[in-house]
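Novice:
2 protein chains.
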Amino acid sequence: MTKNLYDDARITAVGLVMEVYAGLAARFAAQFEEHGLSTVEFEVLMRLARSPEHQLRMTDLAAQTSLSTSGVTRVVDRMERDGLLCRRACPSDRRSAYAVVTESGMARLGETLPGHIQLIQDWFIGQLEPAALESLLDSLRVVRDAVHPGATAGSRGGSAEATTPC
Amino acid sequence: MTKNLYDDARITAVGLVMEVYAGLAARFAAQFEEHGLSTVEFEVLMRLARSPEHQLRMTDLAAQTSLSTSGVTRVVDRMERDGLLCRRACPSDRRSAYAVVTESGMARLGETLPGHIQLIQDWFIGQLEPAALESLLDSLRVVRDAVHPGATAGSRGGSAEATTPC
DNA sequence: GCGGGAATATTGCTGTGTCTATAGTTGCTT
DNA sequence: AAGCAACTATAGACACAGCAATATTCCCGC
Chain A
1 MTKNLYDDAR ITAVGLVMEV YAGLAARFAA QFEEHGLSTV EFEVLMRLAR SPEHQLRMTD
61 LAAQTSLSTS GVTRVVDRME RDGLLCRRAC PSDRRSAYAV VTESGMARLG ETLPGHIQLI
121 QDWFIGQLEP AALESLLDSL RVVRDAVHPG ATAGSRGGSA EATTPC
Chain B
1 MTKNLYDDAR ITAVGLVMEV YAGLAARFAA QFEEHGLSTV EFEVLMRLAR SPEHQLRMTD
61 LAAQTSLSTS GVTRVVDRME RDGLLCRRAC PSDRRSAYAV VTESGMARLG ETLPGHIQLI
121 QDWFIGQLEP AALESLLDSL RVVRDAVHPG ATAGSRGGSA EATTPC
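Chains as they are written, first to last, in the UniProt record's numbering: chain A, 1 to 166; chain B, 1 to 166.
(1) Starting from the C-beta of LEU128(A), find all residues in its chain whose C-beta is less than 8 Å away, skip the five residues before and the five after it, and write them out in chain order.
(2) Taking Cβ positions only, does GLU53(B) come closer than 9 Å to chain A?
(3) Hey, could you find the ends of the alpha helix (DSSP H) LEU37(A) is sitting in?
(4) Inspect the beta-carbon positions of VAL40(B) and VAL75(B) and report whether they are closer than 9 Å.
(5) Using a Cβ-Cβ cut-off of 6 Å (strictly less than) and excluding sequence neighbours within five positions of SER96(A), which residues of its own chain qualify?
(6) Are there 16 or more other CB atoms within 10 angstroms of the CB of SER139(A), so buried, or fewer, so exposed?
(7) Checking contacts by CB at 9 Å: is VAL75(A) closer than that to chain B?
(8) Taking Cβ-Cβ distances shorter than 7 Å, what residues in chain B pair up with LEU16(A)?
(9) ARG108(A) and ILE117(B): beta carbons closer than 9 Å?
(10) So within the UniProt domain "HTH marR-type" (1 to 145) of chain A, which uninterrupted beta strand (DSSP E) runs reach at least 3 residues, ignoring any that extend past its ends?
(11) Near LEU119(A), what residues of its chain come up, given a Cβ to Cβ distance below 6 Å and the 5 sequence neighbours on each side ignored?
(12) As a quick exercise: from LEU113(B), TRP123(B), ALA131(B) and LEU37(B), pick the residue whose alpha carbon is nearest that of LEU24(B).
(13) Quick check: is the beta carbon of ASP60(B) nearer than 9 Å to any beta carbon in chain A?
(14) Contact criterion: CB-CB distance below 9 Å. Does GLY71(B) meet it with respect to chain A?
(15) Quick one: which chain B residues come within Cβ less than 7 Å of LEU56(A)?
(16) Since THR69(A) contacts THR59(A) with CB under 8 Å, what's their CB separation in whole angstroms?
(17) Starting from the C-beta of THR112(A), find all residues in its chain whose C-beta is less than 7 Å away, skip the five residues before and the five after it, and write them out in chain order.
(18) Taking C-alpha atoms, which residue in GLU103(A), GLN64(A) and ARG141(A) lies nearest to LEU133(B)?
(19) Between the Cα of SER104(A) and those of LEU16(A), MET79(A) and VAL17(A), spot the shortest distance and give me the residue it belongs to.
(20) Would the beta-carbon of LEU86(A) fall within 9 Å of that of THR102(A)?
Below you can see the structure in the form of structure tokens.
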């Protein structure tokens, strides 16, 4: 009757987080693909669209996503080839380059976003009572602040994103 | 004063889940690496260790992890090369092959697991009041059951894992 | 028994990401 | 002003995972 070491309840708790993440990620990826986007491409588009003038330096973009700077170079390569983004030289620092969203990129995001939000509503927000949802978000915030992956973006910090003037 | 479309609160809620996942995953990966394991290798080791006789058919292993069957073939290749696993022919079905954990593999898992559980305690379980934790897990279960990535493993279904007799 | 369809694992090909090295640029120090 | 360290983006080499194709084996109907 010795309790199996590998059935520890704490592990199943994390497994739960992983399952939820994997499930949501899979649903999202499928919906992105309907619009010809990968998950990272959507993420890049979102980050840029939320930034002033729809542009960001390559380094900053890397810092705000899950990618390395090389990874950003390659994603921007693809998206530039597809006409979603374009590079722009930084006038004040010739080392830097901006990635800026094109009209086509904004249009693509605009047609992808409503379905995405609907998915969130269907599979996440809509599944819970308002009180339970609020409680869930509070708890997640606590864990997020503790685990601190690098403080990617404030919870609702507004526009004080410390983007270098350049 | 038009509310920016891209600041929708529902999106930030999902962003929270993603951040928590990414943070935990990064912490875990770093700790696994201390013991010479990748995240998927740890996952494989766990799944096998929890299975009867510490073995599973390649297909079943793929179904229980986030990998395709090709992926399992390659991971098992690496782990077999490292002495953590070995393949065993299935006596009743010559198409199938078992992946079974070696003594060395169990030892590796045994030395990795305590630190892993400690990490979970430090950054996840220990961050929350017992009531908040219970509430969080309940909510996550609701979402998990809704999003259903394929019902990888019952929440605490016990041993009725429907492993084919073979 | 035996022939066709399903199942199983593996392999080649491709896509994508990281790590390391490299080249160009900037600003500070002397 | 020349040297030097830090920063920025990119390119090459590698690792890893998925998809499609392949070979073998099983099972079911005849």
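Glycine is no exception: its CB is placed at the ideal position from the N, C-alpha and C atoms.
Specialist: Based on what the coordinates show:
(1) LEU136
(2) Not one chain A Cβ lies under 9 Å of GLU53(B).
(3) Counting along the chain, LEU37(A) falls outside any alpha helix (DSSP H), and DSSP gives it neither H nor E.
(4) Yes. Within cutoff.
(5) ARG57 and CYS90
(6) buried
(7) no
(8) LEU137, LEU140, ARG141 and ARG144
(9) no
(10) 55 to 57, 85 to 89 and 97 to 101
(11) ARG27 and GLN31
(12) Nearest C-alpha to LEU24(B): TRP123(B).
(13) no
(14) no
(15) In chain order: nothing, as chain B lies at least about 14 Å away.
(16) Contact between THR69(A) and THR59(A) is confirmed by a C-beta separation of about 6 Å, below the 8 Å threshold.
(17) PHE32, HIS35, LEU37 and PHE42
(18) ARG141(A)
(19) MET79(A)
(20) Sequence check: residue 86(A) is Cys here, not Leu. It is a contact, given that the beta carbons lie within the stated cut-off.
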